Every structure is written in C-alpha cells, then in structure tokens.
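There are 2 protein chains.
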Amino acid sequence: MARAIDIPDLVARAQQGQAAAVARLISLVEDDSPALPEVSAALAPHTGRAHIVGLTGSPGVGKSTSTSALVSSLRQQGKRVAVLAIDPSSPFSGGALLGDRIRMSEHDTDPDVFIRSMASRGHLGGLAGAAPQALRVLDAAGCDVILVETVGVGQSEVEIAGIADTTLVLLAPGMGDGIQAAKAGILEIGDIFVINKADRDGAATTRRELRTMIGMRADTGDWTAPIVLTVATKGEGTDEVVDEIQNHFAYLTESGELTRRRVGRARREIEALALASVQRRLGEHAAGTEQLAAEVAAGSLDPFAAASRLLDHS
Amino acid sequence: MARAIDIPDLVARAQQGQAAAVARLISLVEDDSPALPEVSAALAPHTGRAHIVGLTGSPGVGKSTSTSALVSSLRQQGKRVAVLAIDPSSPFSGGALLGDRIRMSEHDTDPDVFIRSMASRGHLGGLAGAAPQALRVLDAAGCDVILVETVGVGQSEVEIAGIADTTLVLLAPGMGDGIQAAKAGILEIGDIFVINKADRDGAATTRRELRTMIGMRADTGDWTAPIVLTVATKGEGTDEVVDEIQNHFAYLTESGELTRRRVGRARREIEALALASVQRRLGEHAAGTEQLAAEVAAGSLDPFAAASRLLDHS
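Structure below.
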C-alpha cells in the first residue's frame with residue numbers, strides 16, 4: 001500500500017517552487033495515481049498564468065539544442081521556465097531522454113528551471129489526458145513559460161498543438177524537410193516556424209518554400225506565422241524566437257484566441273478523463289464482462305446488447 | 001434522411017449468400033449505422049461457424065498474392081471463402097485496395113467468394129469495434145473460411161491476432177525480415193508462419209532463424225507453430241498452408257482454445273462498443289461540455305470534477 005500523501009502540503013510546496021514537490025506531483029500524474037482528482041482540485045485555483053509553448057519537428061532538426069537555447073534566453077529575461085518532454089511510446093520515463101538531459105545540463109543547477117520527462121503510454125487518458133495535468137503542476141509552480149516537446153514522431157507531433165498555447169515548428173535546411181512537414185500535417189499547426197542550422201546550405205530555399213506554403217494555409221486570423229532562422233548551437237536567432245513567442249502570446253490574449261484554445265484544451269481533457277473513468281469502471285467488472293462475452297461467443301447474445309448491459313451494470 | 005432498412009430481409013438474403021446483401025450489411029458496419037444494434041441482434045444466432053484466419057506481414061512479402069492463392073486452394077476443396085481487407089488508416093474504402101482487387105480478379109465471378117475492403121478509421125470503436133461486426137456478417141453468410149488482412153503496418157498488424165481464430169504471419173527471405181518480425185511483435189502472435197518467395201536466396205536461413213525464434217517463445221500450449229515455404233505466384237506450398245490452417249482449427253477445437261479466443265474477442269468487442277457508446281453520448285452533450293471546459297480553463301473547476309459531472313449528466 002502507498003503511504004497517504006499530504007496533497008495540500010505538496011501543492012503548497014510546489015507553489016513555492018520546490019523542485020522535489022513539483023517532481024513528486026508529476027510522478028503522481030505519470031502513475032495515474034488515485035490521488036489525482038484531489039491533486040487536480042488543489043491545483044485548479046493556481047493555474048492559468050503560464051504560457052505553454054509546444055515544440056515540434058523531425059528528428060535531427062536540433063530540437064533539444066533549440067530548447068536549451070530558448071531556456072537560456074528566457075532566463076536572461078528573468079523568467080521562470082519549465083521543460084516537459086513527453087514520451088508517448090514508452091511506459092518508462094528518464095532513460096530515453098538521457099541525451100536531452102545531458103544537453104540540458106547547463107540549466108541543472110538553476111532553481112528557476114524545471115526539466116522533466118514523462119511517459120504517457122499506459123496512462124488511461126493517453127497524451128491528451130496526462131499532459132495537461134502535468135502542465136497544470138508546472139503552471140501552479142509559478143513557471144512563466146513551459147516548453148513542451150514530445151519524443152518521437154507521428155501523431156504525437158500533431159497532438160502537441162492541442163495542448164499548447166503557441167506551437168513552434170522546427171525545420172532544418174535541405175532534406176526535403178518542407179515537403180515532409182506538409183505531409184506530416186505539422187505545417188498546419190505552426191504558429192511560429194524556426195529554421196535551425198541556418199548556417200547550412202539551403203536555408204534561404206527552405207525559407208522561400210515555407211513562406212509559399214504558409215501563404216496557402218487556411219485562414220489563421222490576424223496572425224501570420226513568422227519564420228525565424230537560428231543556429232541553436234551558437235544561440236544565434238534565439239532571442240528573436242523568444243520575441244516572436246511573446247508577440248504571439250500578446251496576439252492570443254488580445255484576440256481572445258487564448259481563451260478559445262484553452263477552453264478547447266480543457267474540453268478534450270475532460271472528455272479524455274471521462275472516457276478513462278468509464279474504461280476503469282469497465283475493468284472493475286471483469287467477471288460480468290466475461291459472462292457477457294461467453295454469451296456473445298455462443299451466439300445467444302449480440303455484442304451491442306451486451307455492451308448496453310455492461311454499461312447499465314457498471 | 002436515410003430510407004428505412006428492412007434488416008430482417010437483408011440478413012435473410014445475406015444468409016442465402018446474396019453478395020449485394022452482404023456488401024450492404026458491411027457498409028452499415030463501416031458507416032457506423034444507427035441500425036447496427038438491430039443488425040447485430042439479427043445476425044447473432046447465425047454466427048460461430050466460420051473459421052477466421054488473419055494474415056499479417058510486412059509490405060513486400062506477397063500478402064495479396066498469398067491470399068489469392070489460398071482462396072484458390074480453399075475453393076478447390078469446395079469451401080465458401082471471404083476476404084476482408086481492413087484499412088485502419090483510411091476513412092475511405094476501395095481506392096487504396098485497388099491493387100489488391102486487381103490481383104484478386106480471378107475470383108471476381110465466383111459466387112462463393114466474397115471480397116470486401118473496409119475502412120475502420122473514424123469508426124468509433126476502431127478496428128476492434130468494426131472488424132468483428134463485419135466478420136459476423138460474413139460468418140452468417142455461410143462462409144467456411146474468412147481471410148482477414150490489414151492494409152499498412154504497425155499496431156494494426158498485431159491487432160489482427162485479436163480478431164482471428166488463427167493468425168498467419170508471412171515473411172520473405174532476406175532483408176532481415178526475421179529480426180524485423182521480432183521487433184514488430186508479430187513473432188509472438190503467429191500460429192502458422194509462411195515464408196513466401198521461397199525460390200529466392202536465403203529461404204533456408206530465414207527458416208532456420210525463425211525456427212530458433214519460435215523455440216524461444218513463451219509457452220503456446222500443445223501447438224508448435226509450423227513453418228511453410230511457398231511461392232504464391234506459382235501456387236507452390238499453398239495446399240500445405242491450407243492443411244496447416246485446418247490442423248490448427250482442429251487443435252483449437254479439441255483443446256478448448258477456440259472458445260477461449262472467441263470469448264476474449266467478444267470481451268474486447270463489448271468493451272470497445274461500450275466505450276464508443278459513451279463517447280457518442282458525450283458528443284451529444286457538446287454544449288454542456290463546453291460550459292464545463294470554460295470553467296476548467298478559468299481555474300474555477302478542476303478537470304476531474306468536470307469529467308465526473310459530464311458523466312453524471314450524459
């Protein structure tokens with residue numbers, strides 16, 4: 001049995017910015033702890049301040065280096081910063097992100113930088129259920145900006161736009177990145193585009209291609225996604241990215257789009273949690289389900305009627 | 001508005017083996033029709049006869065050609081056969097499978113062969129919800145053997161084992177197929193292994209590697225997965241595959257494993273349908289959800305409490 005956790009104390013200590021309390025709370029999210037509803041209720045009044053910035057891009061574009069450079073630039077402005085790396089494919093945290101952690105080591109001793117990796121596989125609500133809760137912990141801990149990135153590619157790269165206020169899409173010159181981006185659908189979700197490794201051949205071409213593709217996007221209101229060229233390893237262009245992040249936040253706030261995005265995020269989170277709760281309840285009725293399944297397998301009951309009975313009795 | 005459908009008549013005509021009625025019923029499954037519970041209830045008493053055989057394997061191993069050769073071999077024994085190709089990534093049916101259909105054209109005019117492709121993306125219950133219902137249609141239509149394959153790779157390749165009585169894993173010599181199979185987890189799910197294109201170099205090596213890996217599998221009861229070498233384009237080895245399919249069915253029946261697998265399948269189907277039904281109900285409460293989401297975004301309500309309220313009111 002787990003020890004009883006003093007949730008109000010844990011939340012109070014997280015609010016004071018104590019790293020151990022923040023880490024503990026995120027672990028509760030990761031582990032799908034039964035204490036989560038209580039945690040969530042205790043956090044709610046202290047949330048809504050942080051600007052959540054999602055970073056997405058194919059492997060090899062320099063995502064971790066860019067994240068680290070952004071952290072440096074934000075710290076120079078005195079901001080409290082968090083980095084949340086989500087691994088949707090792994091049931092384990094930590095290991096896969098060792099590389100990132102090493103590259104982040106310059107920020108390790110800074111008490112105003114939280115760096116955390118989290119596994120979401122196996123979490124009943126998936127990425128959509130787990131990530132917003134972890135973000136809420138970091139938000140309540142007084143972070144001004146939370147950088148979120150996913151490990152790996154595919155669906156999760158697009159999902160990140162669903163949990164962020166502002167989405168940064170990272171590209172690198174050449175390698176048909178532009179076309180690949182369009183294919184993956186990440187072109188549609190970018191609020192700011194960053195062409196990293198801009199000291200390499202082809203940066204201008206990639207910018208031109210990208211500009212054309214951005215021009216063909218569906219209406220995105222009064223915001224036209226800027227393209228920033230960076231060399232993250234040297235910190236070049238990073239301050240400009242931070243400027244654009246702040247411009248976008250101002251746009252979001254003034255246009256009312258911030259509220260729209262956050263309400264949309266809350267809606268998806270609520271639905272994911274509701275479904276997860278039903279899934280858990282169904283799991284608790286294993287014996288009854290097995291009996292219904294036997295009747296369906298024998299042809300004496302149809303699966304729709306069985307599903308309906310299962311819901312009635314769970 | 002859709003015309004009212006005479007379900008009992010449609011099911012009766014499907015039972016007589018009328019291809020148009022079978023196709024119509026599968027379209028209802030694909031479209032997630034509101035008539036599905038009625039269809040399902042009408043089909044239930046006529047199901048449980050067909051032997052469901054899943055085919056899985058990486059692109060390039062000759063899956064379609066093998067399927068077509070298996071159909072020929074089963075037809076020579078006078079069996080009524082169906083082929084169900086499921087595309088979990090596409091919201092559309094037909095198009096993506098045109099290639100398969102051309103290769104299947106030799107069976108097009110045979111009234112005892114049903115060939116059907118079905119899209120499962122967008123289906124609320126996903127592959128696990130849609131496929132068993134389509135299989136039930138083909139089962140009630142008097143098919144002796146139903147060959148199921150998925151288009152594309154990844155998770156769906158493993159999912160197919162969850163809906164089949166017998167799972168065939170297709171490999172081809174060389175190209176590190178053995179190791180790839182192990183990685184994808186399809187090695188664990190194979191009841192019968194087929195090395196197609198066995199007239200190419202490396203077939204003996206692939207068989208040897210495969211034999212070793214099968215030897216390392218967790219206990220699979222009294223059944224040791226056989227390895228059959230085929231050249232599907234020439235029909236070589238196909239009769240032997242059919243023999244092994246029938247051997248496996250006999251083993252399943254005698255050991256009680258058939259019932260266990262079918263009850264497991266029914267259980268997953270019931271759970272998928274129950275969740276889909278909750279999801280649909282939540283979707284019908286969009287306005288209420290939006291209100292709750294606004295409160296969560298404002299920090300005046302936490303998402304767990306919101307999810308709980310949503311479930312109470314839907």
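Protein sequences appear in the order of chains V and E.
Position one of the first sequence corresponds to residue 1 (our numbering), numbered consecutively onward.
Position one of the second sequence corresponds to residue 1 (our numbering), numbered consecutively onward.
Positions of the beta carbon are idealized from the N, C-alpha and C atoms, including for glycine.
Here the structure is a predicted model, which is why all the values come from computation and not from measurement.
{"Item": "To the nearest angstrom, report how far apart residue 261(E) and residue 172(E) are at their CA atoms.", "Value": "28 Å"}
{"Item": "Residue 85(E) bridges to which residues according to DSSP?", "Value": "117(E), 149(E)"}
{"Item": "Write down every uninterrupted run of the beta strand (DSSP E) in the segment 191-222 of chain V whose length is 3 residues or greater and which is fully enclosed by it, in chain order.", "Value": "192-195"}
{"Item": "Listed in chain order, which residues of the segment 5-28 of chain V have Cβ atoms closer than 7 Å to some Cβ of chain E?", "Value": "none"}
{"Item": "Three Cβ pairs or more, each shorter than 8 Å: is that satisfied between the segment 64-78 of chain E and the segment 280-290 of chain E?", "Value": "no"}
{"Item": "Please name the residues in the segment 262-273 of chain E whose beta-carbon is closer than 7 Å to at least one beta-carbon of chain V, in chain order.", "Value": "262, 263, 266, 267, 269, 270, 271, 273"}
{"Item": "Taking 7 Å as the cut-off, decide whether the C-beta atoms of residue 54(V) and residue 148(V) are in contact.", "Value": "yes"}
{"Item": "I want to see whether chain E comes within less than 7 Å of residue 311(V), judged by CB atoms only; does it?", "Value": "yes"}
{"Item": "Which residues in the same chain have their Cβ closer than 8 Å to the Cβ of residue 169(V), if we skip the five residues on either side of it in sequence?", "Value": "56, 57, 181, 186, 187, 189, 190, 192, 193, 194"}
{"Item": "Sorted by chain position, which residues of the same chain lie with C-beta nearer than 8 Å to residue 19(V)'s C-beta, five sequence neighbours on each side aside?", "Value": "111, 114"}
{"Item": "Closest by CA to residue 117(V), which one among 62(V), 74(V), 25(V)?", "Value": "25(V)"}
{"Item": "Strictly below 8 Å CB to CB, what residues from chain E border residue 41(V)?", "Value": "302, 304, 305"}
{"Item": "Given this structure, state the Cα-to-Cα distance separating residue 286(V) from residue 263(E), to the nearest angstrom.", "Value": "12 Å"}
{"Item": "I'd like to know whether the C-beta of residue 296(V) is nearer than 7 Å to at least one C-beta of chain E.", "Value": "yes"}
{"Item": "Looking at residue 232(V) and residue 62(V), is the spacing between their C-beta atoms short of 7 Å?", "Value": "yes"}
{"Item": "Going along the chain, which residues of the segment 42-62 of chain V sit with their C-beta nearer than 9 Å to a C-beta in chain E?", "Value": "42, 43, 44, 45, 46, 47, 48"}
{"Item": "Which residues mark the beginning and the end of the beta strand (DSSP E) in which residue 53(V) is found?", "Value": "51-56"}
{"Item": "If you reduce the DSSP assignment to three classes, tell me which class residue 26(V) lands in.", "Value": "helix"}
{"Item": "Given 8 Å as the limit, is there contact between the segment 35-46 of chain E and the segment 206-219 of chain E, that is, 3 or more CB pairs closer than that?", "Value": "no"}
{"Item": "Taking residue 164(E) as the reference, which of 203(E), 269(E), 74(E), 109(E) has the closest Cα?", "Value": "269(E)"}
{"Item": "Looking only at its chain, what residues have a beta carbon closer than 7 Å to the beta carbon of residue 247(V), apart from the 5 residues adjacent to it on each side?", "Value": "none"}
{"Item": "According to DSSP, residue 236(V) sits in a beta bridge with which residue or residues?", "Value": "231(V)"}
{"Item": "By DSSP's criteria, residue 168(E) is part of a beta bridge. Which residues make up the other side?", "Value": "55(E), 192(E)"}
{"Item": "Could you tell me the boundaries of the alpha helix (DSSP H) in which residue 17(E) lies?", "Value": "Residue 17(E) -> no alpha helix (DSSP H), and no H or E assigned at all."}
{"Item": "Once DSSP output is grouped into helix, strand and coil, what is the label at residue 243(V)?", "Value": "helix"}
{"Item": "Run through DSSP, which three-state label would residue 5(V) get?", "Value": "coil"}
{"Item": "Residue 236(V) and residue 228(V): beta carbons closer than 7 Å?", "Value": "no"}
{"Item": "Exposed or buried, which one is residue 253(V) when buried takes at least 16 other CB atoms within 10 Å?", "Value": "exposed"}
{"Item": "On the premise that residue 288(V) lies in contact with residue 310(V), defined as a C-beta separation below 8 Å, what is that separation, rounded to the nearest angstrom?", "Value": "7 Å"}
{"Item": "Starting from residue 278(E), find everything on chain V with Cβ-Cβ shorter than 8 Å and list it in chain order.", "Value": "274, 275, 278, 311"}
{"Item": "Among 265(E), 202(E), 139(E), which one has its Cα closest to the Cα of residue 45(E)?", "Value": "139(E)"}
{"Item": "What residues from chain V crowd round residue 141(E), counting only those whose CB sits closer than 7 Å?", "Value": "The premise fails here: residue 141(E) is roughly 15 Å from chain V at the closest Cβ pair, so nothing lies under 7 Å."}
{"Item": "Report the CB separation of residue 174(V) from residue 211(V) in whole angstroms; it is logged as a contact under 8 Å.", "Value": "Going by Cβ atoms, the distance from residue 174(V) to residue 211(V) rounds to 16 Å, so no, they are not a contact pair."}
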